[in-house]
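Take -19 as the starting number for the sequence shown in my numbering and just add one per residue.
Where a beta carbon is used, it is the ideal one built from N, C-alpha and C, also for glycine.
Small disclaimer: the values here were computed from a predicted structure and weren't measured.
I have placed the structure first, in the form of structure tokens, so that the comments after it can refer back to it.
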Amino acid sequence: MKTRLDTLENKNYLLLALIGVVVVFLVANIANQEEFPIAEDLYMTDLLYMIFPGIVVVFGVMLVFRYRLRGNHGISWILFTLAIASWYVGEMTYEYDYGYDLENISTLTSDLFYIIGYPLFFGFTIFYLKPRKQIISKKMILISSLVSILFIIPSLYFTFNEEYQLDELTIFLYAIYPILDGVILIPSIIATFLFFRGQVNLLWSLILIATILFVIADTSYLVFSIEETYYPGHPVDILYVWSYILYAFGVLSHIRLYKKRSEQDEKLD
-19 MKTRLDTLEN
-9 KNYLLLALIG
1 VVVVFLVANI
11 ANQEEFPIAE
21 DLYMTDLLYM
31 IFPGIVVVFG
41 VMLVFRYRLR
51 GNHGISWILF
61 TLAIASWYVG
71 EMTYEYDYGY
81 DLENISTLTS
91 DLFYIIGYPL
101 FFGFTIFYLK
111 PRKQIISKKM
121 ILISSLVSIL
131 FIIPSLYFTF
141 NEEYQLDELT
151 IFLYAIYPIL
161 DGVILIPSII
171 ATFLFFRGQV
181 NLLWSLILIA
191 TILFVIADTS
201 YLVFSIEETY
211 YPGHPVDILY
221 VWSYILYAFG
231 VLSHIRLYKK
241 RSEQDEKLD
């Protein structure tokens, strides 16, 4: 009964958090937040990028200390925490008015941390799914790969479209993200198959939804950036913040599950 009530309460908090983000973005856009920056290049909606990724990192660190290097789960949570931490630094160093310049490394800082986070996150998914490798068929991998490829084609089309006249460095960086998104999307789609078979828990269902939202947000952001229609508080940012919220609740559910198992083990002892 307690577990059921806890789950219901978590769903209510999750729903409130998701709705709250939409409200903040609505208020920010109605109030025209660009006219009232909190600081230079910092706006009301940017505070959400400080709060929620930070919460995910804290929760991740808690699991790292609990699992340490024990087995695949221990390694997976280390990689997950490092990935979110890397993206967090990327968020903190992001600038709205940017221009890439190899002679000024600071213009590439946020992208470097964003990019570093992807292989770390992919490693997390691999180690987390590794114990389930016997139930992951070649057909699942093939379908997931094909869907992933189809998903990233539009992004690459926009990136290499000569109509937008992007410089070579910008094209290179813009092309990396769809490819990396496609890579992390593959295990997420595989996890979707397992979810419908009842092979993954609440943690993974939230994380796979968050990852899919993250990839959709990346694709949308790329298009808006190329078309130069992206601005502080753009609705596409809602998807990014939602992703971090879902990551946070997913990790929190695992922390509670770990705590519950520990309590049961103590009773058996």
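Inter-segment contact for the region 90 to 105 and the region 60 to 67 is present: three or more beta-carbon pairs are separated by less than 8 Å.
The Cβ atoms of L202 and S135 lie closer than 7 Å to each other.
Residue E71 holds the alpha-carbon nearest to the alpha-carbon of L28 among G40, F140 and E71. The beta-carbon separation of I235 and F93, rounded to 25 Å, does not stay under the 8 Å limit for a contact. Of the residues assessed, G162 falls on the buried side of the cut-off, its CB having 16 or more other CB atoms within 10 angstroms. Per the Cβ contact rule, the region 49 to 58 is not in contact with the region 11 to 31 (fewer than 3 Cβ pairs under 8 Å). Residue burial annotation: F152 is exposed, with fewer than 16 other C-beta atoms found within 10 angstroms of its C-beta. When only Cα atoms are considered, T199 and R48 end up about 35 Å apart. Fully contained in the region 21 to 76 are the following alpha helix (DSSP H) runs of length 4 or more, in chain order: 26 to 47 and 51 to 72.
In this structure, the beta-carbon distance from G97 to S66 falls below 7 Å.
For Y154, the enclosing alpha helix (DSSP H) has its first and last residue at E148 to F176. Here A19 carries a strand assignment [DSSP, helix/strand/coil]. When the alpha-carbon of G178 is set against those of L(-5), L126, E14 and R112, the nearest one is in R112. Apart from the 5 residues on each side of it in sequence, Y108 sits with its Cβ closer than 6 Å to the Cβ of S56 in its chain, given in chain order. With 16 or more neighbouring CB atoms inside 10 Å of its own CB, P158 falls in the buried class. For the set P215, E207 and L188, the Cα lying nearest the Cα of G230 is the one of L188. Counted as a single uninterrupted DSSP element, the alpha helix (DSSP H) harbouring S90 occupies residues T89 to L109. Sequence-distant Cβ neighbours of V1 in its own chain, meaning closer than 8 Å and more than five residues away, are L28, I218, V221, W222 and I225. Cβ contact annotation for V44 (same chain, cutoff 6 Å, sequence separation greater than five): W57, I58 and T61, in chain order. With contacts defined as CB atoms closer than 7 Å, M120 and I164 fail to qualify as a contacting pair. Taking a contact as a CB-CB distance under 8 Å, the pair S168 and I192 counts as one, their CB atoms being some 6 Å apart.
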